[in-house]
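Protein chains in written order, with the working numbering: chain D, 2 to 448; chain H, 2 to 482.
Remarks on the structure that follows.
This is the structure we're talking about:
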């Protein structure tokens, strides 16, 4: 319990401070979260679900926390311009775990829609916030979620009320900026109510070279007949450790697309918990990564079918280079009575060096008989014949490898429902494979 | 639909055909487990000092362990002190011919459908019948001896071939391997021992029928198969147990060693008492089975048809250490009523160009839970390893469960590992098509299920395939929907 102790002490000492700088809705869950965190601690390597990611070690160093919610002297909008060409988005920033309210876009949002800081949202609309905050993320799920709930003060909220369609995608840029090693407890709420539609693009970027630890919890609520897209691009640095838990709660006939792309990172653990609670709900849960050097990506997904006629499509692909480590652990649980379920789970991995490691564990747990479920998993290398064929057509071996790798990952990107973003990501991935610094072309630090 | 439901129910309600108790004198020792018990077992079997040491070491290690609980199984607590660890049919003088074998015992085998004599002569099998842990009679021994093949009970092997036993015992499954391996290593009573010398192709299928008879006795057999260079053997194991109310524990160990270019085929048909329709009673089948492909180009193939036992928890595995070695695993697991199964395989690729194939077919009915759990591991030095896994599950009732937990740990970039799994129920269309052609629902389901399991059934030796096919139909009688 060593790693846990410093957070327990911190909370015991600073509870007042944390609460003072936050909203009552967020404070309401802290005591319970604290109790859960004390009980659970961080998951151990001995458990099946965290066999390859040493959580306690990641949380052990002494990170700075911005509990005073002091403003960080930076204008991310100046430093950073994460443009998607041909795509107009409403752009928001979160610096570490604080919403940046100095450079808000001109409001193009339909009436009733809220996009902005969580702290402010919880103050202004405590009733709505109380209805959703912490309702998808079960505290007992893991120690990190409990820790996040215990410490979270701010973050980002998109709230789309009933029958409202937000045409323009909302873009959230998470910037890590600090002079000392920093931990960020970011909390994101993405609420799409009955019959509403919205798209949220989130990307993570580290500006400084200090160590960052991000402990993020995202809650996504899709009401009946709602459509929600959540795209998550990680483009941080090798010294960034990220724990992200996404909780999705879906009502009847809702349609959700989740796509997580990891291009540059240090150690990342992405948890996806999906709960299909209304008949006819559909989710497409995808992810891809390009990993090299010492990068590690640990993907965990748990989709629960509670009711009949839900559909789940999972597709995760990893390309591993150098000493990279990839982990995929996916579980589809079909509860008794959830008939007419369709659930598909695919995990494909490309290992290109001797030193890289891939651990894959796709799982089905089915308690209903009238279902169609399947999963497939492959781990291998590029097809020698295909490489040879391309070489015989005058394409260099390196180029051929690159083209085949790009092709390998492209079908994950194809699941994205924003064309301009698709094109952008195809390019980014290609650049990534070419070894060019794959930061967004529009930003200053790469120029 | 109504029709098929009734038929299904009838099928699933099929009673256990093999429930009967044979009245033979059994020599049992007191309940409970301590060093004294182990010394007693060892003394009764007249074992050498080193074997007693082995048992004691295992026992001391076992005492430090706790029963694992990671499987998707609900296991009622087992009181290890309430088990009789040794039960042997009382030995008069060792029988020299069939006439001397206890007629009651012979009748038991008759009921099982394995008359030792004629049928085996006709089918050309040699049977080493194990009843409650002690080998009663071994047939065809002389025939085999001519070729230099050793096929005898484990205790005989300890007496006559101690060097071989000492060399290989625990070399694949160490007593430190897991909780049940430690327990078995401490208290194992008997089993089979096979040694195939260099270059010999065993001319017949070797076979053992395990059968648990006495009440409240755990069965802890130990099988050791050694195939020397360029040899071949096919071994069949069939298991039944009479109907008993209390659960009985069965924790066996099977070790196989295949040297250069040797091939071992191990087939199991397991139809131990699965408990009644309310899930009362039945056997706990917690077995550690592992084969070591030690030599270059060696091959070990596991085929299993699991229809019995209240709880089945086993993973017949292959360690592919030799270059170009091959591991295979074919399994059909049927669970009905309240049976539970968590079974699969482990393929550990260590050598170069090693290949493994996994085909697993799960069929669940009633309130049963059926899980496939398998590991494919490719170590950093296993160049060019190749694996293909296929796991299908068939669900026959709305209350049963089918689960798949494949693990793949890949540490070499030249590996190609594939896993596929599907879960579904019998397609209405297929059923309808059969019915339309005048085939009753029950028959149709039988046909479809047999077709579904065919890939695995084809891997069984002829004699077993027939029995296994019948078993499949019996186990599923009344479970179509």
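Ideal Cβ placement from N, Cα and C applies to all residues, glycine included.
All figures in this text were calculated on a predicted structure; none of them were measured in a lab.
For residue 373 of chain D, the enclosing beta strand (DSSP E) has its first and last residue at 372-381. Boundaries of the alpha helix (DSSP H) around residue 43 of chain H: 36-45. Around the beta carbon of residue 270 of chain H, 16 or more other beta carbons lie within 10 angstroms, which makes this residue buried.
In the DSSP assignment, residue 117 of chain D falls within the unbroken beta strand (DSSP E) covering 115-118. In the DSSP assignment, residue 314 of chain H forms a beta bridge with H:287, H:343. Taking a C-beta distance under 8 angstroms as the contact criterion, residue 234 of chain H and residue 258 of chain H do not qualify as a contact pair. When C-alpha distances from residue 224 of chain H are compared across H:232, H:237, H:230, the shortest belongs to H:237. For residue 348 of chain H, DSSP records a beta bridge to H:319, H:377. In terms of beta-carbon proximity, residue 407 of chain H lines the interface with chain D, with at least one pair separated by less than 8 angstroms. When the alpha-carbon of residue 348 of chain D is set against those of H:418, H:155, H:50, the nearest one is in H:418.
Taking C-alpha positions only, residue 408 of chain H is separated from residue 367 of chain D by approximately 18 angstroms. Between residue 4 of chain D and residue 60 of chain D, the CB-CB gap stays under 8 angstroms. Legend: CB atoms of the segment 387-400 of chain H lying less than 8 angstroms from CB atoms of chain D belong to residues 394, 396, 397, 398, 399, 400. Taking CB atoms only, residue 314 of chain H has no neighbour in chain D less than 8 angstroms away.
Sixteen is the threshold: since fewer than 16 other Cβ atoms of the shown chains lie within 10 Å of the Cβ of residue 467 of chain H, the residue is exposed.
Of all C-beta pairs linking the segment 352-370 of chain D to the segment 337-344 of chain D, three or more are shorter than 8 angstroms, placing the two stretches in contact. For a Cβ distance threshold of 7 angstroms, nothing in chain D lies close to residue 222 of chain H: the least Cβ distance comes to about 31 angstroms.
Chain D has a Cβ within less than 8 angstroms of the Cβ of residue 426 of chain H. Excluding residues up to 5 positions away in sequence, 414, 415, 417 lie with their Cβ nearer than 8 angstroms to the Cβ of residue 423 of chain D in the same chain. Taking 8 angstroms as the CB threshold, residue 376 of chain D lines the interface with chain H. Of the residues assessed, residue 229 of chain H falls on the buried side of the cut-off, its CB having 16 or more other CB atoms within 10 angstroms.
By the criterion of a C-beta distance shorter than 8 angstroms, residue 173 of chain H is surrounded in its chain by 256, 257, 258, 291, 292, 293, 320, once the five residues flanking it on both sides are discounted. For residue 32 of chain H, the three-state secondary structure derived from DSSP is strand. Interface criterion met: the Cβ of residue 359 of chain D is under 8 angstroms from a Cβ in chain H.
Around the CB of residue 6 of chain D, fewer than 16 other CB atoms lie within 10 Å, so the residue is classed as exposed. In the DSSP assignment, residue 449 of chain H falls within the unbroken alpha helix (DSSP H) covering 442-453. The contact set of residue 412 of chain H on chain D, defined by CB atoms closer than 7 angstroms, consists of 358 in chain order. In the DSSP assignment, no residue is bridged to residue 175 of chain H. The contact set of residue 352 of chain D on chain H, defined by CB atoms closer than 7 angstroms, consists of 411, 414 in chain order.
In chain order, 133, 160, 222 place their CB closer than 6 angstroms to the CB of residue 192 of chain D, counting only its own chain and leaving out the 5 sequence neighbours on each side. With respect to the C-alpha of residue 201 of chain D, the residue from D:408, D:170, D:111, D:144 having the closest C-alpha is D:170.
In the three-state scheme derived from DSSP, where H, G and I count as helix and E and B as strand, residue 287 of chain D is classed as strand.
The way I'd put it, the segment 352-359 of chain D doesn't touch the segment 388-404 of chain H; fewer than three beta-carbon pairs between them come closer than 8 angstroms. Think of a sphere of 8 angstroms around the beta carbon of residue 72 of chain H: no beta carbon from chain D falls inside it, the nearest being about 11 angstroms out.
DSSP links residue 303 of chain H through a beta bridge to H:267, H:330. Within the model, the alpha-carbon separation for residue 385 of chain D versus residue 392 of chain D is close to 10 angstroms.
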